[in-house]
DNA sequence: GGGTAATCGATAATAATTATCGATATTATA
DNA sequence: TATAATATCGATAATTATTATCGATTACCC
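Residue numbers (my numbering), protein chains in the order written: chain Z, 5 to 166; chain W, 5 to 166.
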């Protein structure tokens, strides 16, 4: 699930405060934002808004649904989180301190496997240049069945034959 | 917008009827389905459910919202259409008679530019093999600004300086 | 043509996200 | 340090895309 981290000089909170300070109109740093950053950067995981709301509530940190969505948007804009379009709802993962990568997503168990690929970076560069397109981001997801779910299916098939 | 077509032996309608006939429980071919297939395959374009509903209505072919969604799902399952996850709503494009390709999507004007890349196919094969992952599909979208929107921005910037 | 059941259309429901707005809390200023 | 100005909060309503429901309609087999 995890790739080697990238060295960073600031804490996520410090980086976020810098982002807030750099906005044209001044933005405030609140307790809810601090709680969210502490929780999110205490582990590496893919998560969605609903999960985060439940997890924070379970930890006694109540942050309202609206504030969770608002703060996630700011964290993405600040470069702390990446936004992933897996199916109908958005997922989020660490961007700050974590290398660029792509995903394999299992359609059976929803597991996300990360991988890095220099080839993809170069395809993006080449294609963008060819079409005079100014690339600002990309989505690359491979959908299918993971090793474990494949084995489970194989085993079941073998059992069915008995 | 268009890549060279792929040779096919059947009309989209014939291919769809074959699909319906091959289902475990028999499915019926209706006037609404015929109207939708005729409309969709009379042009090559990326479209979403809402556009299609409006376009059909404008052409005097009234197909209800529910039926449009239901039939789109069947057309995808039959291999006639590909389903594209561009942002919050689904888009559709020809699959039958049209080669595999990926997209550049302009964030300013929503234009979709198609491109083919053998490198991506091989990345998918390699990564899947490495992780013993059974790949069934993928999404690859490069987001950014197209040539025209870039020029518009440049021109505006130049004018702003006067 | 007649019976059966898949499909249709109208509308209700769902799910994820965004907007609204009075209450609250952060930051600048006196 | 008190206070004023205003960004953010929480509760809830609204929005958007899509799916489910269900009685009416219609395609398909005999």
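Where a beta carbon is used, it is the ideal one built from N, C-alpha and C, also for glycine. Just so it is clear, the structure is predicted and the values come from calculations on it, not from any experiment.
Collapsed DSSP secondary structure at residue i in the structure displayed
{"i": "residue 120/W", "result": "coil"}
{"i": "residue 27/Z", "result": "coil"}
{"i": "residue 52/Z", "result": "strand"}
{"i": "residue 32/W", "result": "coil"}
{"i": "residue 138/W", "result": "strand"}
{"i": "residue 45/Z", "result": "coil"}
Reference residue i, options the options, closest by Cα
{"i": "residue 7/W", "options": "98/W, 88/W, 52/W and 53/W", "result": "98/W"}
{"i": "residue 65/W", "options": "40/W, 119/W and 14/W", "result": "40/W"}
{"i": "residue 46/Z", "options": "31/Z, 33/Z, 34/Z and 63/Z", "result": "63/Z"}
{"i": "residue 111/W", "options": "119/Z, 103/Z and 141/Z", "result": "141/Z"}
{"i": "residue 119/Z", "options": "138/Z, 146/Z and 77/Z", "result": "146/Z"}
{"i": "residue 86/W", "options": "14/W, 133/W and 143/W", "result": "143/W"}
{"i": "residue 48/W", "options": "22/W, 121/W, 154/W and 101/W", "result": "101/W"}
{"i": "residue 133/Z", "options": "108/W, 77/W and 130/W", "result": "108/W"}
{"i": "residue 30/Z", "options": "114/Z, 44/Z and 22/Z", "result": "22/Z"}
{"i": "residue 82/W", "options": "33/W, 9/W and 11/W", "result": "33/W"}
{"i": "residue 96/W", "options": "51/W, 129/W and 61/W", "result": "51/W"}
{"i": "residue 26/W", "options": "36/W, 78/W and 12/W", "result": "78/W"}
{"i": "residue 117/Z", "options": "157/Z, 126/Z, 123/Z and 105/Z", "result": "105/Z"}
{"i": "residue 20/W", "options": "131/W, 90/W and 38/W", "result": "38/W"}
Neighbour list for residue i in chain Z, Cβ cutoff strictly below 7 Å
{"i": "residue 127/W", "result": "121, 123 and 124"}
{"i": "residue 138/W", "result": "148, 149 and 154"}
Minimum Cβ-Cβ distance from residue i to chain W less than 7 Å
{"i": "residue 20/Z", "result": "no"}
{"i": "residue 178/Z", "result": "It is not possible to answer for residue 178/Z, since the shown part of chain Z is limited to 5 through 166."}
Any C-beta of chain Z under 7 Å from that of residue i
{"i": "residue 83/W", "result": "no"}
{"i": "residue 144/W", "result": "yes"}
{"i": "residue 117/W", "result": "yes"}
Interface residues of chain Z facing residue i [CB-CB closer than 9 Å]
{"i": "residue 108/W", "result": "131, 132, 135, 137 and 139"}
Residue i: contacting residues in chain W (beta-carbon distance under 7 Å)
{"i": "residue 89/Z", "result": "89"}
Contact list for residue i against chain Z, beta-carbon separation under 8 Å
{"i": "residue 111/W", "result": "140"}
Review point. Curious, which full-length beta strand (DSSP E) runs of at least 3 residues does the segment 75-131 of chain W contain?
Key: 85-90, 93-98, 106-110 and 116-119
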